[in-house]
C-alpha cells in the first residue's frame, strides 16, 4: 500500500516538473531577453533612463543610471528591469538605435552658398555657350569675307590676263574686256564692303585705286604698256591676297594693311 502511494507521489512530481518546463519554454522570448541584456549594460543605463523619461515612464534619479518610476521610489536599472515599463523603454531604445542617423542640418550660409554655386554654374554655362556661339558665328563671317575677297581677286586677275593676252596677240579683246569690267565691278564692291567693316585698313582704299588705274590703262590698249600692265596686275593681286589673309586673321595681320 505504501509503495503504491509512493508511486503516485512520484508521478505527480514528474508531471509538475514537465508542466513547469513546458510553461517556461512556451513563455520564453529570446528577443526580449536580448533587449534586456543590452539595456542592463552599464554604458546603456543613461540612454535607457533618457528613453524612459521621454516616454513618460519615469523621472531622472539623483545619479546616472537611477530613475524614479511613475509610481514608486527611486531605483537603479538593475532593480527596474523586471517591470513592464522597463521592457517598454528598453524596446524603444533598441528600436531608436536601429533608425538611420540623420545628418546635421547645414548652417544657412552653407545652404545659400550651395544654391548660389548651382545658379552660378548655370549662368557660367550659359555664358560659355553664348561665347562659343558668338565666336563660331564670327569665324564663319570672317571666313566668308576672306573667301569673297580671294574669289573676287582671282576672277579679276584671270580676266585681266585674258584681256592682256588677247591684246598682245592682236585678237579681238572686246569680249575679254567686258569680262574684265564685270570682274572689276565685283571686286570694287567687295573692297567697298570691307572698307565699311575696317575703316582703318588703308590697303583697302589703295587697292581700289590701283584697280581703277589699271582698268584705265588696259582700256587705252597701248601695246608698249602690256608688260607694265602685267607687272601692275601682279602687284595688285599680291596686295589683294594679303587683304584676304588679313580678313581671315585680322589680329595677326592688321599691321600689314593699315597706314604706316
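Residue numbers (mature numbering (1 follows the signal peptide of the UniProt record, and there is no 0)): -28 to -1, 1 to 232. All C-beta atoms in this analysis are idealised placements derived from N, C-alpha and C, irrespective of residue type, glycine included.
By Cβ distance below 6 Å, which residues in the same chain neighbour residue i in space, the five residues on each side in sequence not counted?
i           : result
residue 148 : 134, 135 and 138
residue 119 : none
residue 117 : 219
residue 216 : 118, 121 and 122
residue 167 : 176
residue 68  : none
residue 105 : none
residue 241 : The structure shown does not extend to residue 241, since the chain is modelled only from -28 through 232, so no value can be given for it.
residue 224 : none
residue 88  : none
residue 222 : none
Excluding the five sequence neighbours on either side, which residues of its own chain have a C-beta within less than 7 Å of the C-beta of residue i, listed in chain order?
i           : result
residue 64  : 23 and 27
residue 4   : 59
residue 61  : 20, 23, 24, 27 and 29
residue 42  : 29 and 30
residue 165 : none
residue 10  : 16 and 66
Where DSSP assigns a beta bridge to residue i, which residues make up the other side?
i          : result
residue 48 : 38
residue 31 : 40
Grab me the residues of residue i's own chain with a C-beta within less than 8 Å of its C-beta, minus the 5 sequence neighbours each way, in chain order.
i           : result
residue -8  : In this predicted model, residue -8 has a pLDDT of only 44, less than 50, meaning its place in the structure is not dependable; the value taken from the coordinates is given anyway. Within the same chain, residue -8 has no close Cβ partners at all.
residue 213 : 122 and 125
residue 145 : 135, 138, 139 and 193
residue 127 : 155, 158 and 159
residue 183 : 128, 156, 159, 160, 163 and 208
residue 190 : 132, 135, 136, 139, 149, 152 and 201
residue 229 : 170, 173, 174, 175, 176, 214, 215 and 218
residue 115 : 220
residue 46  : 33, 34, 38, 39 and 40
residue 179 : 163, 208, 211, 212 and 215
residue 57  : 24, 29, 30, 41 and 42
residue -3  : Low confidence applies to residue -3: its pLDDT is 44, below 50, so where it sits in the model is not reliable enough to give any reading.
Can you round the beta-carbon distance between residue i and residue j to whole angstroms, since I take them to be within the 8 Å contact cut?
i          : j           : result
residue 84 : residue 124 : The Cβ separation is near 59 Å, so there is no contact.
residue 12 : residue 49  : 6 Å
residue 8  : residue 70  : In fact, because the Cβ distance is near 17 Å, the residues do not count as touching under 8 Å.
On the DSSP letters alone, give me the boundaries of the alpha helix (DSSP H) that residue i sits inside.
i           : result
residue 69  : 56 to 70
residue 234 : This structure leaves residue 234 out entirely; the chain is present only between -28 and 232.
residue 17  : 17 to 26
residue 9   : 2 to 11
residue 200 : 198 to 220
Using a Cβ-based criterion (distance less than 8 Å to any ligand heavy atom), does residue i qualify as near the ligand COA?
i          : result
residue 36 : Among the components of this structure there are no ligands whatsoever, and the ligand COA is therefore not found.
4-residue-minimum alpha helix (DSSP H) runs that sit fully inside the region 78 to 148, ordered along the chain = 80 to 140
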